[in-house]
Each structure stands twice: as C-alpha cells, then as structure tokens.
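Read through the structure below, which is laid out as structure tokens, and then see the notes.
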Amino acid sequence: MLKIGATALAAGVAGCSQESSQSTETSGGDGSDGSDGSSSGDGSSGQSNSYPEFDPANPEFPQLMQTLIEAGFETGSLQDLKNMQEREKPRYGNPVQSTPDNEDELIDPDRIAFAMTPTEDPAVYRDTMQPLMDNIAEETGKSVKYFPLNSYASQIEAMRSERLHVAGFSTGPTPFAVNLAGAVPFSLQISKEGDFGYRLWLATQADNDDISSLEDLKGKRVAHAEPSSNSGNLAPRALFSNQGVTPGDDYEVSYSGGHEQSILGVANDDYDAAPVCSTCVTRVAEADNIDPTNLKVVWASNPFPTTSFCYRYNLKPEIQEGIRAAFLDYDYSDTKIAEVFGGRGKWTEIDYATVYDIILQIQENNEIKYNTDNIEG
C-alpha cells in the first residue's frame with residue numbers, strides 16, 4: 001500500500017485548507033508570463049483613491065477587491081490557460097511518462113476502471129459521473145466500472161499497480177500520481193464560460209497607502225490562515241519567497257485560524273494584510289460580512305488548477321484516444337456532472353508541466369519527496 005505523509009499531502013492540496021480539493025496559473029509577476037506563479041504587476045501605482053483600469057488579461061495592481069469580484073477574477077479562465085508560460089518539462093519532479101513504443105509494455109484491459117478523488121463517501125460520484133463513463137465506453141469499446149477509493153494513497157497505488165486506468169486526482173496528489181503511478185494529466189474541468197480554479201489574493205485596507213505591492217509587506221503584521229492551508233500559508237511561503245519576500249523573515253506570520261478570520265482581521269485593522277483564497281473571501285463578501293469596497297488586492301497569483309483528469313501512460317494508444325474524446329469532445333453542462341460541480345460540465349486539454357507549475361513551486365519549496373520507498377506490499 002502507498003503511504004503519503006500528512007505533511008506531504010498538506011503541502012500540495014489546493015483549496016482553502018488541506019481537505020478542500022474541489023475548490024478549485026497565467027500571466028506572470030511582470031505581467032508577461034507564468035514563470036513565478038503570479039498574475040500581478042509590480043503594484044507601483046498605489047494611492048488608495050486611484051487604481052489603474054482593470055484588464056483581466058493583463059492585470060495591474062493594486063485594485064479594489066470589489067472590482068476583482070465584479071470582473072470574476074476570483075477564478076481562472078481559458079485565456080489564463082493560454083497565457084501561461086509553456087514549460088518543456090516540470091520544474092520539479094519527473095515529467096509525464098510517454099506511451100511505450102514496445103507493444104509488450106502496453107496494457108489492454110477488458111474493463112476500464114474509473115475513480116474520482118476520494119471523499120468520505122467514495123461511491124458518491126458513481127451516479128454523477130455515469131454520463132462520462134457511458135461515453136468512455138462508447139469511445140473505447142470497453143465496459144467501464146466505477147472504482148470507489150477512500151484515500152489519496154489508495155488511489156495512487158491502484159493506478160501504479162494498473163488496477164485503475166482513468167481517474168480524477170485532487171490538485172496536491174496529482175504530482176504524486178505523475179511521479180509514482182504513471183498518470184498522464186490531460187484535462188481540467190471547466191464551466192460553460194471556461195471558469196476554473198481559484199487564486200491567492202494579497203489583501204489589505206483600501207486606505208492603507210503603506211502597502212501597494214508585495215514588497216511593502218516587509219516589517220508589517222500579516223495574517224496567514226493556518227499551517228495546512230494552501231493559499232493561506234503554503235502557497236505564499238513559496239510564491240512570495242520566489243519574488244524576494246520571505247514570510248517569517250521579512251514579516252512576522254500570525255495564524256488567524258482561517259481565510260474568513262484573516263479577511264475579517266484585515267477589515268477590522270487587526271492585521272496589515274493577509275494572503276487569502278479568492279473564492280473564500282468572495283463568499284464572505286457575498287454574505288455581507290465584509291465590504292469589498294473598503295479592501296484592495298495588491299498582488300494575485302495565477303489560478304490554481306482543480307482536479308486533474310488522468311489516464312495511465314501505458315494504455316494502448318487507441319484506448320487513450322477514446323478516453324480523451326469522451327472528456328474533450330462532449331458537453332456535460334446539462335447533466336448531473338455540472339449540477340454537482342458548480343456548473344463545470346466541460347473539460348479542456350492541459351499540459352501538466354505548464355498548468356501545474358504553480359503547485360510544483362509549492363511542493364518544491366516544501367521539499368516534498370516523491371519516493372517509491374513509501375510503497376509497501
């Protein structure tokens with residue numbers, strides 16, 4: 001059985017906390033590419049009563065939080081995916097394995113096993129994903145069976161041992177699946193409008209003229225959500241450090257206990273600033289618990305990808321093609337899939353090294369090891 005330590009999983013699972021995998025990376029910190037995980041400008045325009053015109057395709061900061069919410073900038077878009085800096089290989093860990101040329105190394109299962117990212121009720125997605133499984137069967141000529149699993153480790157082990165052929169892996173475990181199980185991440189779930197994922201926003205008070213950029217955090221009081229939170233702690237520790245601001249060294253980290261507590265603390269002047277999950281604080285604003293016209297965002301990350309959909313690298317090429325077609329050539333917006341996944345009833349093609357670069361930065365910073373010695377039996 002494959003064992004992935006709690007620290008390793010916590011370090012990579014995208015979401016408001018380590019358990020949030022269905023929450024939900026684009027132009028870079030200089031406004032041109034995605035190499036550092038940031039979609040912000042240098043934040044140099046800075047007075048509290050003056051903001052540059054907001055262009056989601058080339059954002060400049062600071063911006064009122066209200067402006068970002070109205071523009072739908074809490075999530076990523078297909079344009080964000082197109083704008084990402086393409087990478088020939090992952091910055092951390094192994095590349096996706098290629099389909100073997102030797103036919104003896106290929107597998108041709110009688111029945112395709114499909115699984116979604118584990119939940120407390122592993123069978124909860126069985127009926128939900130039936131339209132997709134029907135199309136996998138149609139496109140491959142194989143029967144398809146849902147394969148319920150109750151942990152990330154068991155899901156990765158099942159694909160490693162060739163018992164699982166197609167799967168939706170949660171964000172953080174995706175690099176483990178690539179490095180340990182031969183997974184090929186090929187698609188990402190999107191809405192009809194192309195929305196996906198969420199972002200890390202660095203928020204402060206709108207009238208705080210002392211903070212207009214990431215660099216201005218030095219010496220300030222900054223709230224992180226909690227140690228296991230991706231966008232509230234692990235991501236800023238990696239992404240901020242990559243841009244020259246090291247949490248814990250350049251500013252003191254105070255744990256607030258969560259994203260809502262962080263943004264409420266900023267709104268009430270308990271903290272100077274806080275890195276927060278964009279979709280989390282948007283929900284707080286929609287509940288009228290904060291006034292987003294009184295807050296500004298001075299830095300924003302590229303969007304974090306949500307669940308990756310993968311097949312095993314050594315499936316016969318015609319099976320791989322059928323699987324891809326079942327995801328990419330159909331619109332499931334009028335099915336239970338869209339109902340359960342917040343309107344996300346379509347899939348778009350992705351490149352692992354490019355789209356998951358922001359996650360790999362975080363895992364590299366946390367020195368995550370993709371070690372097959374953790375597999376027992």
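Quick note: the sequence shown, position 340, residue 340 per the UniProt record's numbering, numbers continuous.
In this text, a Cβ means the ideal position worked out from N, Cα and C, and glycines have one as well.
Which residue or residues does DSSP assign as beta-bridge partners of residue i?
| i | result |
| --- | --- |
| glutamate 349 | Ser187 |
| threonine 204 | Ala273, Lys296 |
| arginine 111 | Ser143 |
Taking the alpha-carbon of residue i as reference, which of the options has the nearest alpha-carbon?
| i | options | result |
| --- | --- | --- |
| arginine 237 | Val355, Glu367, Asp329, Thr335 | Glu367 |
| serine 308 | Lys336, Cys280, Thr354 | Thr354 |
| isoleucine 337 | Ser161, Gly141, Gln189 | Gln189 |
| proline 131 | Tyr146, Pro122, Thr117 | Tyr146 |
| tyrosine 271 | Ala225, Asp288, Phe304, Tyr313 | Ala225 |
| aspartate 357 | Glu215, Glu162, Asn242, Ile69 | Asn242 |
| arginine 344 | Gln155, Glu193, Pro247 | Glu193 |
| aspartate 250 | Leu149, Arg91, Gly172, Lys220 | Lys220 |
| glutamate 162 | Asp269, Pro59, Thr293, Ile112 | Ile112 |
| proline 56 | Pro109, Gly248, Arg199, Glu260 | Arg199 |
| glutamate 339 | Met129, Gln97, Tyr51, Thr117 | Met129 |
| proline 292 | Gly342, Ala235, Thr306, Gln205 | Gln205 |
| serine 154 | Ala115, Ser256, Ala326 | Ala115 |
| aspartate 288 | Leu149, Pro305, Ala267, Pro148 | Ala267 |
| proline 317 | Ile69, Ile107, Lys89, Ser50 | Ile107 |
| proline 185 | Ser256, Val253, Glu260, Pro90 | Pro90 |
| histidine 165 | Thr306, Pro148, Ala123, Ala183 | Ala183 |
Keeping to the same chain, check which residues put their C-beta closer than 7 Å to that of residue i; ignore five residues upstream and five downstream.
| i | result |
| --- | --- |
| alanine 137 | Ser143, Val144 |
| tyrosine 370 | Gly93, Pro175, Phe176, Asn179, Leu180 |
| isoleucine 263 | Ala203, Ala274, Val276, Val281, Val284, Ile290 |
| asparagine 233 | His224, Ala225, Glu226, Pro227 |
| glycine 43 | At glycine 43 the pLDDT is 40, less than 50, meaning the model places this residue with poor confidence and gives no usable figure here. |
| phenylalanine 54 | Gln63, Thr67, Ala71 |
| threonine 26 | Note on threonine 26: pLDDT 32, under 50, position unreliable in the model; no value is reported. |
| threonine 140 | Ile112, Ile319, Gly322, Ile323 |
| lysine 218 | Val245, Asp250, Tyr251 |
| serine 187 | Phe309, Phe327, Leu328, Trp347, Thr348, Glu349, Ile350 |
| arginine 87 | Ala353, Thr354, Asp357 |
Just to confirm the assignment, what range does the beta strand (DSSP E) spanning residue i have?
| i | result |
| --- | --- |
| alanine 223 | 221–224 |
| serine 308 | 308–312 |
Which residues bound the alpha helix (DSSP H) around residue i?
| i | result |
| --- | --- |
| phenylalanine 327 | 317–328 |
| asparagine 365 | 357–365 |
| isoleucine 337 | 336–340 |
| glutamate 286 | 278–286 |
Among the residues of its own chain, which have a CB less than 8 Å from the CB of residue i, if the five just before and after it don't count?
| i | result |
| --- | --- |
| residue 402 | No information on residue 402 is available, as it lies outside the stretch 1 to 377 that the chain covers here. |
| aspartate 334 | Gly345 |
| aspartate 210 | Asp216, Lys220, Asp272 |
| aspartate 110 | Lys142, Ser143 |
| aspartate 269 | Gln205 |
Suppose the cutoff is 6 Å on Cβ atoms and the five residues either side in sequence are ignored; what does the same chain contact list for residue i look like?
| i | result |
| --- | --- |
| glycine 76 | Phe196, Gly197, Pro303 |
| threonine 246 | none |
| serine 278 | Glu74, Tyr198, Arg199, Trp201 |
| serine 191 | Gly343, Arg344 |
| glutamate 364 | Tyr92 |
| valine 222 | Tyr251, Ala273 |
Discussion item. Report the start-end ranges of each alpha helix (DSSP H) in the region 234–268 that is 4 residues or longer and not cut off at the edges.
Written reply: 235–242, 259–267
Worksheet entry | Ranges of the alpha helix (DSSP H) found wholly within the region 122–202, counting only runs of at least 4 | Those alpha helix (DSSP H) runs which fall completely within the region 122–202 and span 4+ residues are 125–128, 130–140, 152–160, 173–181.
Discussion item. Ignoring anything shorter than 3 residues, give me the beta strand (DSSP E) runs that lie fully in the region 51–100, in order along the chain.
Written reply: Segments of the beta strand (DSSP E) lying fully in the region 51–100: there are none.
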